[in-house]
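Everything on this sheet refers to the single structure shown next.
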Amino acid sequence: MGQKIDPNLWSDGPEPHLMGGKLPSGEVVFPMPVGDAAAGVEPYKLSRRGKLWSWTSQGFLPKEPYEGPGSGPGEGPPDFQPFLLGYVELPGEVIVESRIVDARLEDLHLGMELEFCIVPFNMTHDTFAFRPVAAIESKAA
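For what it's worth, full-length UniProt numbering labels the leading residue of the sequence shown as 1, then goes sequentially.
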């Protein structure tokens, strides 16, 4: 695995979790605040599973500060690989924006069960994503 795209986005270990924060009011936020905004906020491991709330396909090279495939030295739009993006509702916690992997656009549906995973972002960094639980279970079978 590569280096984390941000060292504070998820926990380490065999079953990593996105790291949010629990405000003094009890509200859960993502990502975990930093600096002065983190005063009184407790680190909080978010659920690994959630439901697909909304989604789209990123079919063209994003503008800067994007640093994924297609943005490196000597790369350009022909090197870009389209990807899926969605909002994943972690029930009782938050809705997070994430890449969706191991799925096709036509397979996605409202309420689809998804699970957190770590995936390569570029040649040196990993990022987080969510993938359909059905894809995980079919690989295990």
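Just so you know, even glycine gets a beta-carbon here, dropped at the ideal spot from N, CA and C.
Note that the structure is predicted; figures quoted are calculated from it, not measured.
Can you name the start and end residues of the beta strand (DSSP E) that residue i belongs to?
i: P132; result: H125 to P132
i: G20; result: M19 to K22
Which same chain residues end up closer than 7 Å to residue i when comparing Cβ atoms and leaving out the 5 residues on each side of it in sequence?
i: A129; result: S98, R99, I100, V101, C117 and V119
i: T124; result: G2 and Q3
i: E67; result: N122
i: F30; result: L18, G20, L46, V94 and V96
i: E42; result: G21 and K22
i: S57; result: P82, L84 and L105
Our contact map puts residue i next to residue j with C-beta atoms below 8 Å; I'd like the distance itself, whole angstroms only.
i: K85; j: W55; result: Rather than Lys, the amino acid found at residue 85 in this sequence is Leu. Right, their Cβ atoms sit about 7 Å apart.
i: R49; j: E106; result: With a Cβ gap of about 22 Å, R49 and E106 do not count as contacting.
Closer than 8 Å by C-beta to residue i: which residues in its own chain qualify, once you throw out the five before and the five after it? Chain order, please.
i: P69; result: E75, D79, F80, Q81 and N122
i: P77; result: F60, L61 and G70
i: M32; result: N8, M19, G20, G21, A38, V41, P43 and Y44
For this session: Write down every uninterrupted run of the beta strand (DSSP E) in the UniProt domain "ChsH2 C-terminal OB-fold" (45–117) whose length is 3 residues or greater and which is fully enclosed by it, in chain order.
Result: 49–58, 83–90 and 94–100
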